[in-house]
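Q: In full-length UniProt numbering, the protein residues as written are 1 to 489. One structure coming up, written as structure tokens, with questions to follow.
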Amino acid sequence: MAPSKGRHRISRRTKIATGALALAIATGTIVVITTTGGDPDASAAIADKSFFVDITKVQPNVPQVRNQRNASLGTFTVNCGKNENGHFNADNFIAQPGIKMGAEHLHDYVGNLSANADSNNKSLAKSGTTCKNGDKSAYFWPVVRINSANKDAQKNGTRASEGNWQRYQEDQQAAAVEKREPRVDCKDVASELPEELPDDANQVVEQELDNIDKQKEEAEQKLEKAKNVDQEVVNPLTEKRKQSLDKISQAVNKNGQQPKDFGQLAPCGIKQQNKGGVNNNGDQNNEVNTEGKQEHQHKKGNQDPNLAIGINDGTIQRPVKAELTFRGNPSAKIKAMPKFLRILTGDAKVSTNGPKNARKVWTCSGFQDKVLLDKYPICPQGSQVMRVHDFPSCWDGKNVDSTNHRDHILHRQENGQCARGLVPLPQLRISLTYDIPRDVQQKGLYSVDSFTQEKNNPASDHNDFANVMSERIMFRLVNCINKNKNCKE
Numbered sequence: 001m002a003p004s005k006g007r008h009r010i011s012r013r014t015k016i017a018t019g020a021l022a023l024a025i026a027t028g029t030i031v032v033i034t035t036t037g038g039d040p041d042a043s044a045a046i047a048d049k050s051f052f053v054d055i056t057k058v059q060p061n062v063p064q065v066r067n068q069r070n071a072s073l074g075t076f077t078v079n080c081g082k083n084e085n086g087h088f089n090a091d092n093f094i095a096q097p098g099i100k101m102g103a104e105h106l107h108d109y110v111g112n113l114s115a116n117a118d119s120n121n122k123s124l125a126k127s128g129t130t131c132k133n134g135d136k137s138a139y140f141w142p143v144v145r146i147n148s149a150n151k152d153a154q155k156n157g158t159r160a161s162e163g164n165w166q167r168y169q170e171d172q173q174a175a176a177v178e179k180r181e182p183r184v185d186c187k188d189v190a191s192e193l194p195e196e197l198p199d200d201a202n203q204v205v206e207q208e209l210d211n212i213d214k215q216k217e218e219a220e221q222k223l224e225k226a227k228n229v230d231q232e233v234v235n236p237l238t239e240k241r242k243q244s245l246d247k248i249s250q251a252v253n254k255n256g257q258q259p260k261d262f263g264q265l266a267p268c269g270i271k272q273q274n275k276g277g278v279n280n281n282g283d284q285n286n287e288v289n290t291e292g293k294q295e296h297q298h299k300k301g302n303q304d305p306n307l308a309i310g311i312n313d314g315t316i317q318r319p320v321k322a323e324l325t326f327r328g329n330p331s332a333k334i335k336a337m338p339k340f341l342r343i344l345t346g347d348a349k350v351s352t353n354g355p356k357n358a359r360k361v362w363t364c365s366g367f368q369d370k371v372l373l374d375k376y377p378i379c380p381q382g383s384q385v386m387r388v389h390d391f392p393s394c395w396d397g398k399n400v401d402s403t404n405h406r407d408h409i410l411h412r413q414e415n416g417q418c419a420r421g422l423v424p425l426p427q428l429r430i431s432l433t434y435d436i437p438r439d440v441q442q443k444g445l446y447s448v449d450s451f452t453q454e455k456n457n458p459a460s461d462h463n464d465f466a467n468v469m470s471e472r473i474m475f476r477l478v479n480c481i482n483k484n485k486n487c488k489e
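Here you go:
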């Protein structure tokens, strides 16, 4: 399946960006960094040399979790590319909504094409995506850089283009407008389905979830021109959902299953700036800024090829492999994620907040039984630098967000189980692999972007996710994992 194009606005920009990228590759300009001579080692990366360690000298430290009888052992991998279209910005619409360049470090994006400081549920849902199966979720993490004075920075480096900045500014302006506009608000269906369905129900349920997705999209389009919202949008949508939900009920409640009334999910409403609608699920916390209000500029201006910001400079290293895999739970079947769920992992301000939320992520390919928290790995010949981010997956069962963007969903306990009262969801694992020359590793010339006070500390690494999957894709994901299959889309 081709990547989703979203609106004409997104489709046109994607073509421009792709054309610019192709031209850059053809002319050899995308990775060419001009230096002024001198010793490249004389200008070291900001990260302190003490942050680097030989991975072969680290003892295995990844605990092995024992699977229980009711484990969900499948995987669901989404192919969203490696940010080939150059979607970078220093925003974070989850932790710093509305603050342009407030992160003080650059983020690398895949999935949702329009994610920026002003992104909201409506703008995210209307966007296009880089994901092959149409998943519009936003996946983003801080970039890794190599000292730009080092010739090895050129190998997988990338640079900015004027088209990227224009696209970013247009997306942000559009999202700011859409934030003020009303949107259709309906109850989630996929997250209310049983963990396991009769085999003969799957086709009907998936088809009706697809219909429900399309019904909402059509209602959003009508909303823009509707004069009587209830008569033209809300009532017809509710009636169509009732028909689809009746078919789902009939399919799910076959074979003596405990009857479940899905009709209560039919009513929809209109929400505007987190007011109104039918959901009371923490959506208002989408507007809570937990990092403090601040705005920054790239220190060399918009045309800086390295998109330097704050203390972060050097040539951006695009991953040679970016794997987005959803996994099950070792002791239970999983439930579907609710749409627009926000999840953070790691802590970008670990020196200020302490180690509670910091996560071990740094390792080398072939050495994933050794994961580092506060050190960058030096890998042996033939092995590549990796970052492996495991997201929280134990949900409070109600909220898509919380005031600190963490309390609504927690990490699993050491035994792999969710704490009592929490609902097991698919666990997202983002594995990023980088082709960083070994001498660059040995000289301490690579680092992750960070806030100024973190001084490129590897312990400040983090990752962000907002679920914008359709109901149909989420159903396939959960069904695959709970049936212990390994699926790729």
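Even for Gly, the Cβ is constructed at its ideal location relative to N, Cα and C.
Thinking C-alpha only, which one of V184, N463, K260 and R359 is nearest L223?
A: Along the sequence shown, one-based indexing puts residue 223 at 223. Out of V184, N463, K260 and R359, V184 has the C-alpha closest to the C-alpha of L223.
Q: Are three or more beta carbon pairs between the segment 397 to 404 and the segment 282 to 294 nearer than 8 Å?
A: yes
Q: So, with DSSP's three-state summary, where would you put M386?
A: Residue numbering aside, residue 386 sits at position 386 when the sequence shown is read from its first letter. Note: M386 maps to strand in three-state DSSP.
Q: From I430 to P392, what does the alpha carbon distance come to, in whole angstroms?
A: Reading the sequence shown from its first residue, position 430 is the one you call residue 430. Reading the sequence shown from its first residue, position 392 is the one you call residue 392. Spanning the two alpha carbons is a distance of roughly 12 Å.
Q: Considering only C-alpha positions, which residue in the set S72, D347 and D213 is nearest to residue 493?
A: Examination of residue 493 is not possible in this model, given that the chain is present from 1 through 489 alone.
Q: Taking buried to mean at least 16 other C-beta atoms within 10 Å of its own C-beta, is V177 buried or exposed?
A: Counted from its first residue, the sequence shown places residue 177 at position 177. V177 comes out exposed.
Q: Should K57 go down as buried or exposed, given a rule of 16 or more other Cβ atoms within 10 Å for buried?
A: Translated into positions along the sequence shown, residue 57 becomes position 57. Flag for K57 reads exposed.
Q: Does the structure place the segment 348 to 367 close enough to the segment 304 to 319 that three or more beta carbon pairs sit under 8 Å?
A: no
Q: Output the distance between the C-alpha atoms of L209 and A115, rounded to the nearest integer angstrom.
A: The count along the sequence shown starts at 1 and reaches residue 209 at position 209. The count along the sequence shown starts at 1 and reaches residue 115 at position 115. Computed Cα separation, rounded: 25 Å.
Q: Checking the sheet assignment: what are the DSSP bridge partners for L344?
A: Taking the sequence shown and counting its residues from 1, the one referred to as residue 344 is at position 344. The partner list for L344 (beta bridge, DSSP) reads D464.
Q: V144: buried (16+ other C-beta within 10 angstroms of its C-beta) or exposed?
A: Position 144 of the sequence shown holds residue 144. Classified as buried, V144 has 16 or more neighbouring CB atoms from the shown chains inside 10 Å of its CB.
Q: Here's the rule I'm using: 16 or more other beta-carbon atoms within 10 Å means buried, otherwise exposed. How should T345 be labelled?
A: As a working note, residue 345 is residue 345 in the sequence shown. So T345 counts as buried.
Q: Does N92 pass the burial test, meaning 16 or more other C-beta atoms within 10 Å, or should it be called exposed?
A: Reading the sequence shown from its first residue, position 92 is the one you call residue 92. The residue is buried, with at least 16 neighbouring Cβ atoms inside 10 Å.
Q: Any idea if D261 is buried or exposed, counting beta-carbon neighbours within 10 angstroms, 16 or more meaning buried?
A: Numbered from 1 along the sequence shown, position 261 holds the residue referred to as residue 261. Classification for D261: exposed.
Q: Count the other C-beta atoms from every protein chain shown that fall within 10 angstroms of the C-beta of A419, then say buried if there are 16 or more, exposed otherwise.
A: Translated into the one-based positions of the sequence shown, residue 419 becomes position 419. Per the 10 Å Cβ criterion, exposed.
Q: Please state if the CB of N89 and the CB of K370 are separated by a distance shorter than 8 Å.
A: Position 370 of the sequence shown holds residue 370. Position 89 of the sequence shown holds residue 89. Contact flag unset, no.
Q: Taking L124 and A466 to be in contact with their CB atoms under 8 Å, please state how far apart those CB atoms are, rounded to whole angstroms.
A: Against the sequence shown, residue 124 aligns to sequence position 124. Against the sequence shown, residue 466 aligns to sequence position 466. Sure, about 7 Å apart at Cβ, within 8 Å.
Q: Taking 6 Å as the limit between beta carbons, can you name the residues of its chain near N484, skipping five residues before and five after?
A: To locate residue 484, count along the sequence shown from 1; it is residue 484. The answer, listed in chain order, is L73 and G74.
Q: Hey, would you say G416 sits closer than 8 Å to N479, going by beta carbons?
A: Looking up residue 416 in the sequence shown gives position 416. Looking up residue 479 in the sequence shown gives position 479. The answer is no: Cβ separation not under 8 Å.
Q: What residue range is occupied by the uninterrupted alpha helix (DSSP H) comprising R476?
A: For the purposes of this step, residue 476 is taken as the residue at position 476 of the sequence shown. Where R476 is concerned, the enclosing alpha helix (DSSP H) stretches over E471 to N482.
Q: Mind the definition here: the segment 311 to 330 touches the segment 73 to 87 only if three or more C-beta pairs lie below 8 Å; say whether that holds.
A: yes
Q: Going along the chain, which residues of its own chain have a beta-carbon closer than 7 Å to the beta-carbon of D41, five neighbours each way excluded?
A: Looking up residue 41 in the sequence shown gives position 41. The predicted model places D41 with a pLDDT of 36, which falls under 50 and marks its position as unreliable; any figure quoted below should be read in that light. Excluding sequence neighbours, D41 sits near K443.
Q: Hey, could you find the ends of the beta strand (DSSP E) D246 is sitting in?
A: The count along the sequence shown starts at 1 and reaches residue 246 at position 246. Where D246 is concerned, there is no enclosing beta strand (DSSP E), although the alpha helix (DSSP H) it sits in stretches over N235 to V252.
Q: Please report the straight-line C-alpha distance between residue 569 and L265, rounded to a whole angstrom.
A: Outside the shown range of the chain, which is 1 to 489, sits residue 569, and nothing can be said about it.
Q: So what's P437 in DSSP terms, helix, strand or just coil?
A: For the purposes of this step, residue 437 is identified with residue 437 of the sequence shown, where counting begins at 1. In the structure shown, P437 sits in coil (DSSP, three-state: anything other than H, G, I, E or B).
Q: Using the Cα positions of A422 and L245, report the straight-line distance between them to the nearest angstrom.
A: Indexing the sequence shown from 1 puts residue 422 at position 422. Indexing the sequence shown from 1 puts residue 245 at position 245. Looking at the sequence provided, one finds Leu at residue 422 rather than Ala. In a straight line, the C-alpha of L422 is about 26 Å away from that of L245.
Q: By Cβ distance below 6 Å, which residues in the same chain neighbour K411 in space, the five residues on each side in sequence not counted?
A: Against the sequence shown, residue 411 aligns to sequence position 411. The sequence shown places His at residue 411, not Lys. Contacts found: P392.
Q: Just list the alpha helix (DSSP H) runs in the segment 330 to 380, keeping only unbroken ones of 4 residues or longer that don't cross its boundaries, in chain order.
A: The qualifying runs are 350 to 353.
Q: Thinking C-alpha only, which one of I378, N121, K356 and E220 is nearest V468?
A: As a first step, residue 468 must be located in the sequence shown, where it is residue number 468. V468 has its Cα closest to that of N121, out of I378, N121, K356 and E220.
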